[in-house]
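Structure first, then comments.
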Amino acid sequence: MSKLKIAVVLSVSILLQLLLREVWGKLSYIDFPLVVVVYIALQRDAWQALVVGTLAGLIVDAASGGLIGAGGFSKTLTAYVIYFAATRVNLENPLLRIPVLAAASLLDSAIYVFWHRVMGYPPAAPFVQTMSYRLIATTVVGTLVLFLLNALVGERNQQRRQFATRRRVARRSTGPLRRR
Amino acid sequence: MASVRTQKEIRQRAPIWLVSLLVANLIIMAVDAKDSDGSQKVLRIWTQAFASPLQNASSKATGATSGFFQQIWNFRSTAQQNEQLKERLAQVETELHSARQATDENERLKSLLNLNEQTNIKNVPARVIARDPSVWFNTITINRGSSSGIEVNMPVVTAGGIVGRVITVSPWASQVMLITDEKAGAGAVIGQLGQSGALGSVRGRADLGVGLIEMRYVSGLEKVEVNDYVMTTGQDGIYPQGLNIGRVVDVKNGTATTAHQILIQPGAQLDHLEEVAVLLYHPPPRSVPEQTPPQNAEKPRR
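So the sequence lines, in the order shown, correspond to chains R and W.
The first sequence: position 71 = 70 (numbering that gives the first Met the number 0), numbered continuously.
The second sequence: position 301 = 300 (numbering that gives the first Met the number 0), numbered continuously.
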């Protein structure tokens, strides 16, 4: 995935995260940057996944009331765990991405809250309830977003589209008029 | 090519990158946690400075969009009636809606002005332009910053009661920690200071959510009842004395040795904040305790 595409997708996800709570408070349960981090980690590029995880986490941290670095830490570690799993297990099947997203959301929440508690900065929201809502919202919406990302910026789909175009061109050149 | 890394190289280097990034995050976190209540954070100020125009625009767009949908909704509901009435009704309702919005805003701003007269403290009216992007914290962002004279730790209030305190200030926006946050707190008294001995402090509690706050350290010997008003004492170094915090909604009576367990409904509607006022209040400097012993004190015997 090209760096420009990653930058665009990441910026859009962070903007959505920053702005959607103003529209409706419940939308903040969806962690859009985490979905992008999961998507990039599933592409099996460790460096991109780790950098995107750190950047996404740090920017959201800076706009939030929590500790700067806690989100960066949790998203970086989550990105690595998913990258590690993706290099050992075949996670290409879209259905398998649902539990991956759920696990990512759980892991991210747990690490985030753990560091806040360790640093003496307990979150203002109840842990289990918030984590559950976040898991459900991120998994449901994230599955759709992953599907969209795959269709729009996925390299395999692009290759498929290019191949289809080439095949169409090839067919045109061997049409009935040419054959004569 | 030397610059192109093979998959094997990437796999070998990934743990090193991971550890370096995690350590970097941990250092940032530790530095942030160390002075979380004190000085301003550069990263936060910059993010806020860049994000505030976007948040401002989004806040306006959100209002416009909801107005648009409201109009569509009004139009749909009147479509069941005849065409003439529908047009007239849609027009009237739209006008009424905007007039009501203007009246509400007018009322809120008036009450903020009244607040200025009541407290005799200069204030800066501000609009809430964003809420915390993380679901774990309850901060809001307002559209006034250091260019309007706002400083860290200044109290933020509405006509209903206190909202919280400013924790970060950028030139055009500020971040406010709500009173429902566990890290927030205020010196409080049930009733009027001087008339009541039910002194304590209010603070948020994670399991109570954004709706309620708890009051601690009120002696079990003091008489506390549901619906009693809770005011600020002015002894916390942030809020001036006599501001409304809320009213008591639940009391579990304490004893001579244990404190009451009191839950308070904040006076300000914290989940529907639109306009707030930042009090340009600087608490009086605390008197430094005398370091020298009294002249007539006896020297300790060795």
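Backbone N, C-alpha and C fix where the C-beta goes; we use that ideal spot for every residue, glycine too.
When the beta-carbon positions are compared, G144/W and P170/W come within less than 8 Å of each other.
Annotation for T53/R: G71 and T75 place their beta carbon closer than 6 Å to its own, counting only its chain and skipping 5 residues before and after. Bounds of any beta strand (DSSP E) do not take in I29/R, whose DSSP letter is neither H nor E. Annotation for L26/R: L19 and R20 place their beta carbon closer than 7 Å to its own, counting only its chain and skipping 5 residues before and after.
In this structure the stretch 270-278 of chain W does not touch the stretch 224-231 of chain W; the number of beta carbon pairs closer than 8 Å is below three. The beta-carbon separation of A48/R and A40/R, rounded to 4 Å, stays under the 8 Å limit for a contact. In terms of beta-carbon proximity, F72/R lines the interface with chain W, with at least one pair separated by less than 8 Å. Separation of P282/W and R43/R (C-alpha to C-alpha, rounded to the nearest whole angstrom) is 55 Å. Close partners of N137/W in chain R (Cβ separation under 9 Å): G64, A123 and A124. Rounded to the nearest whole angstrom, the C-alpha separation of I15/W and A6/R is 23 Å. Distance from Y79/R to L17/W at the Cβ level is roughly 5 Å; contact confirmed, criterion being Cβ atoms closer than 8 Å.
Within the stretch 81-98 of chain R, those residues whose Cβ lies closer than 9 Å to any Cβ of chain W are, in chain order, Y82, F83 and T86.
Runs of the alpha helix (DSSP H) lying entirely within the stretch 107-155 of chain R and spanning at least 4 residues, in chain order: 126-152.
Straight-line spacing of the CA atoms in L148/R and V34/R works out to 10 Å. Between the stretch 172-190 of chain W and the stretch 125-144 of chain W, the count of Cβ pairs shorter than 8 Å is three or higher; the stretches touch. Chain R places no beta carbon closer than 8 Å to that of L278/W, leaving this residue out of the contacts.
No Cβ-Cβ contact shorter than 8 Å links G65/R with P125/R.
Sixteen is the threshold: since fewer than 16 other Cβ atoms of the shown chains lie within 10 Å of the Cβ of P284/W, the residue is exposed. The C-beta distance from I67/R to R130/W rounds to 18 Å, too long to fall under 8 Å, and the pair is not in contact. L278/W and V155/W have their C-alpha atoms spaced approximately 6 Å apart. Bounds of the beta strand (DSSP E) holding T167/W are I161 to V168.
Between the alpha carbons of R96/R and I26/W lies a distance of about 32 Å. Contacts between Y38/R and chain W, judged by CB atoms closer than 7 Å, are missing: the closest CB pair is about 18 Å apart. With a cutoff of 8 Å on beta-carbon distance, D249/W and L262/W are scored as near each other. Within the same chain, Cβ atoms closer than 6 Å to the Cβ of E221/W are found at G196 and A197, the five residues on either side in sequence being excluded. Assignment of beta strand (DSSP E) within the stretch 123-191 of chain W, counting only whole runs of 3 or more residues, yields 138-141, 154-156, 161-168, 173-177 and 185-189 in chain order. Boundaries of the beta strand (DSSP E) around E274/W: E274 to L278. Counting only the Cα atoms, K251/W lies some 22 Å from Q194/W.
The contact set of Q16/R on chain W, defined by CB atoms closer than 9 Å, consists of P132 and S133 in chain order. Chain order gives the chain R residues near T179/W as A123, where near means a beta carbon separation below 8 Å. The three-state reading of DSSP puts I237/W in coil, since its state is none of H, G, I, E or B. Here DSSP, grouped into helix, strand and coil, assigns I120/W to coil. Under DSSP, N243/W shares a beta bridge with M230/W. Of all alpha-carbon atoms in S146/W, A98/W, A23/W and I244/W, the one lying nearest the alpha-carbon of G190/W is that of I244/W. The beta-carbon of W171/W is placed no less than 8 Å from the nearest beta-carbon of chain R. G141/R is outside the set of residues whose beta carbon lies under 8 Å from a beta carbon in chain W.
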